[in-house]
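Q:
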């Protein structure tokens, strides 16, 4: 899902090898799977207090979603994903933001500023709680939830997607956060996909 002619390279490219390590179970399965998602297309859209509804309709249309998500929520559309990351801001994943009139809001391409790390496996929630001060139990943070938090003083955004978590880390701190994740994941059995 990238734009023609644009090559987005993750901050983690060339800094890891795929494979399994750590306390892998007898059947060879890993409790944690980490994946660096290449080619991130990430835009931010914001509306003003009296134009949020109008901007929400515009971004939902671009993502081919039923509606824009409310605070702390995500909506998966046919063309892209919408995350409500702040009260007046959305992130669009996989699709460029629409043109928004300055009287109604603003958009910004964040694609090169973040690294997307996918965390899955049977122990993903327990593993993430080693880093994040969030209640990740299903009743408190169900699928479709979004939260801003910190890992070792680094601001991150977490989305509980369908069967996994996606962690968005500022590019300059991506390798630091990745190395910490890898170190702790080994105790669960780690697969780097």
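Numbering (this note's numbering), first residue to last: 199 to 391.
No residue lacks a Cβ here, since even glycine has one placed at the ideal position from N, Cα and C.
On a predicted model such as this, the values are computed, not experimentally measured, just so you know.
When you compare the region 244–262 with the region 295–302, are there three or more beta-carbon pairs, one atom per stretch, that lie closer than 8 Å?
A: In short, these stretches touch, since the Cβ pair count reaches three.
Q: Going by DSSP in three states, residue 312 sits in which element: helix, strand or coil?
A: If you number the chain shown from 1, residue 312 lands on position 114. Strand at residue 312.
Q: Kindly provide the ranges of any alpha helix (DSSP H) runs that are 4 or more residues long and lie completely inside the region 208–280, ordered along the chain.
A: Here the runs fully enclosed are 250–261.
Q: Could you check how far apart the C-beta atoms of residue 294 and residue 239 are, in whole angstroms? I think they sit under 8 Å.
A: Here residue 294 corresponds to residue number 96 of the chain shown, with the count starting at 1. Here residue 239 corresponds to residue number 41 of the chain shown, with the count starting at 1. With a Cβ gap of about 7 Å, residue 294 and residue 239 count as contacting.
Q: Comparing the CB of residue 391 with every heavy atom of the ligand MG, is any distance shorter than 6 Å?
A: With respect to the ligand MG, the structure shown offers nothing to examine, as it has no ligands at all.
Q: Does DSSP classify residue 366 as helix, strand or coil?
A: Stepping through the chain shown from its first residue, residue 366 is reached at position 168. Residue 366: strand per DSSP, three-state reduction.
Q: I'd like the span of the beta strand (DSSP E) that includes residue 354, first residue to last.
A: For this step, residue 354 is matched to residue 156 along the chain shown. 352–358 is the span of the beta strand (DSSP E), which, as asked, contains residue 354.
Q: Inspect the beta-carbon positions of residue 267 and residue 282 and report whether they are closer than 7 Å.
A: Position 69 of the chain shown, counted from the first residue, corresponds to residue 267. Position 84 of the chain shown, counted from the first residue, corresponds to residue 282. Cβ distance < 7 Å, so residue 267 and residue 282 count as in contact.
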